[in-house]
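> Counted the way our numbering counts, the sequence shown spans residues 3 to 346.
Don't be surprised by glycine CBs; every beta carbon is placed ideally from N, CA and C.
Note that the structure is predicted; figures quoted are calculated from it, not measured.
Right, I'll just put the structure down here and ask away after.
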Amino acid sequence: MKTYYLKINPEQFESSQLMPAADILVSGGLVAFPTETVYGLGAVVDHETALQNIFQVKGRPGDNPLILHIWHHRQLSGIVETVDPRYQKLIDAFWPGPLTLIFPKKANISPTVTAGLPTVAVRMPSHPVARELLRLVDRPVAAPSANLSGRPSPTRGEHVREDLDGKIPMIIDAGPCQAGIESTVLLLAEKPYILRPGSVTREMVEEILQEPVEVVTSGEKVDRPQAPGMKYRHYAPEAPVTLVEGEELAVIAAINRMIEETGENVVVLAFSEHLDCYRNVTVLDLGPRESPWIAAARLYDLLRSCDQMKAGRIYVEGLEKTGVGTAVENRLFKAAGGNVIHVS
Ligand code: TXA
Ligand code: MG
Numbered sequence: 003m004k005t006y007y008l009k010i011n012p013e014q015f016e017s018s019q020l021m022p023a024a025d026i027l028v029s030g031g032l033v034a035f036p037t038e039t040v041y042g043l044g045a046v047v048d049h050e051t052a053l054q055n056i057f058q059v060k061g062r063p064g065d066n067p068l069i070l071h072i073w074h075h076r077q078l079s080g081i082v083e084t085v086d087p088r089y090q091k092l093i094d095a096f097w098p099g100p101l102t103l104i105f106p107k108k109a110n111i112s113p114t115v116t117a118g119l120p121t122v123a124v125r126m127p128s129h130p131v132a133r134e135l136l137r138l139v140d141r142p143v144a145a146p147s148a149n150l151s152g153r154p155s156p157t158r159g160e161h162v163r164e165d166l167d168g169k170i171p172m173i174i175d176a177g178p179c180q181a182g183i184e185s186t187v188l189l190l191a192e193k194p195y196i197l198r199p200g201s202v203t204r205e206m207v208e209e210i211l212q213e214p215v216e217v218v219t220s221g222e223k224v225d226r227p228q229a230p231g232m233k234y235r236h237y238a239p240e241a242p243v244t245l246v247e248g249e250e251l252a253v254i255a256a257i258n259r260m261i262e263e264t265g266e267n268v269v270v271l272a273f274s275e276h277l278d279c280y281r282n283v284t285v286l287d288l289g290p291r292e293s294p295w296i297a298a299a300r301l302y303d304l305l306r307s308c309d310q311m312k313a314g315r316i317y318v319e320g321l322e323k324t325g326v327g328t329a330v331e332n333r334l335f336k337a338a339g340g341n342v343i344h345v346s
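Right under this line is the structure:
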């Protein structure tokens, strides 16, 4: 299949430029499109073959459900049974934006979207290109991240091309995504749970709900509807990743010790302040230690560049687990396949 590559300037574009993409979606084709978090691989919700193609193209396990994307609040009533008043508060505060909410689903939503769960994930992206595309289509669009399953999510059009060129009819490239990590996924059971941390942080949700929110990413604590995606190794570059956490100087010393014991092609992901602390290895810049949102925006691009540099081994300085740092740490933990060293 020939993939058509559509370049869009997100700050200045005409709706008509997106018409071909909307046509493809409406007729059951797949389109990769930018959002404020990562690029998504979209299919309209009511086209069963298109939904199944998402799983096929990505190599995604069928038991990992998809998020529905909407542009208008009125679309929600076609997808979900009820909206808990606490959800309404979160919708008012964070939509459009990088927060996905899990609702009881309506019967008409295909089990292919929800992987057979009684619940459905919905979000309203804020990216102007995503919003305009969703407005033109005017049906919910199911979209996982537009990467091959297991690979780092795509935060640039080139990343999507690396993974999906020749496999889908169209990629819309609107440059780098602002947030760089996937949306926060939140479930309200008797208590609120964050199933996937993101740039809408626990602290931000607690302030709106005025109650404690638990971040559950391992799948142990929430016994009823879980995020099945939690069980897969994700976001991984080719080389093994070691995440090193602890006191700043101890982390640097530990990584330097490991560098001496390791063979060639070591890459270190370090904070800007520490770029000069490592000798004879490639050091990539996570941004300043105090600005985890910069690490979030860069993370997947850095992991993909490790592949391009044919890294043999990757060491990463750990982040503080507060604010957006929690989300970045979560993605690094998964990229490392749980290979984390604590030093002090
Ligand atoms: O930022 C994002 O959310 C991006 C962009 C494209 O919008 N999308 C994205 O989709 O990251 P995906 O498929 O890569 O991740 C969806 C996550 C998975 O962890 C999945 O398990 C969870 O959402 N999820 C979906 N439906 C769910 C449900 N009914 N209950 C619990 N978790 C659900
Ligand atoms: Mg994904």
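Applying the 10 Å Cβ sphere with the 16-neighbour rule, what's the burial state of Met3?
Its Cβ having fewer than 16 others within 10 Å, Met3 is exposed.
> According to DSSP, which residues form a beta bridge with Asp175?
Lys9.
> Can you tell me which of the three DSSP states His344 falls into?
His344: strand per DSSP, three-state reduction.
> Return the CA-CA distance between Glu240 and Ile183, expressed in angstroms with no decimal places.
Spanning the two alpha carbons is a distance of roughly 19 Å.
> Short check: CB of Gln77 to CB of Pro142, under 8 Å?
Yes. Within cutoff.
> Which of the three DSSP states is assigned to Gly61 in this structure?
DSSP places Gly61 in coil when its eight states are reduced to three.
> Leaving out five residues on either side along the sequence, give the residues of the same chain with a beta carbon under 7 Å from the beta carbon of Leu277.
Taken in chain order, the residues that qualify are Val285, Asp287.
> Whole angstroms are fine: how far does the CA of Tyr237 sit from the CA of Thr328?
Rounded to the nearest angstrom, the two C-alpha atoms are 16 Å apart.
> When the Cα atoms are used, what is the spatial distance from Ala252 to Glu319?
Ala252 and Glu319: Cα-Cα distance of roughly 10 Å.
> Does the distance from the CB of Val47 to the CB of Ile170 come in under 8 Å?
Going by C-beta atoms, Val47 is not nearer than 8 Å to Ile170.
> Taking only three categories from DSSP, how would you classify Val269?
Of the three classes helix, strand and coil, the one that applies to Val269 here is strand, per DSSP.
> Is the closest heavy atom of the ligand TXA to the C-beta of Ile111 under 7 Å?
Flag unset: Cβ of Ile111 not near the ligand TXA.
> Let's test the definition: count the other Cβ atoms within 10 Å of the Cβ of Ser201 and tell me whether it reaches 16, buried, or not, exposed.
Buried, by the Cβ-count rule.
> Within the segment 288-344, note down every full beta strand (DSSP E) run reaching 3 residues or more, in order along the chain.
The qualifying runs are 315-319.
> Pull up the CB-CB distance for Ser185 and Thr39, whole angstroms please, since I reckon it's below 8 Å.
At roughly 5 Å, the Cβ-Cβ gap stays under 8 Å, so Ser185 and Thr39 are in contact.
> Hey, Leu211 and Arg88 are a contact pair by Cβ (cut 8 Å); roughly how many whole angstroms apart?
Leu211 to Arg88, Cβ: 6 Å. Contact.
> Quick one: what does DSSP say Ser18 is sitting in, helix, strand or coil?
Note: Ser18 maps to helix in three-state DSSP.
> So the beta strand (DSSP E) Arg281 belongs to, where does it begin and stop?
It is not in any beta strand (DSSP E) - Arg281 carries neither H nor E in the DSSP assignment.
> Tell me which same chain residues have a C-beta within less than 7 Å of the C-beta of Gly168, skipping the five on either side of it?
Around Gly168: Met3, Thr5.
> So Ile56 and Leu68 are in contact, right, with Cβ under 8 Å, and what is the actual spacing, rounded?
Between Leu68 and Ile56 the Cβ distance is about 7 Å, and since that is below 8 Å, they are a contact.
> Roughly how many angstroms lie between the CA atoms of Ser17 and Glu134, to the nearest whole one?
Answer to the nearest angstrom: the Cα atoms are 7 Å apart.
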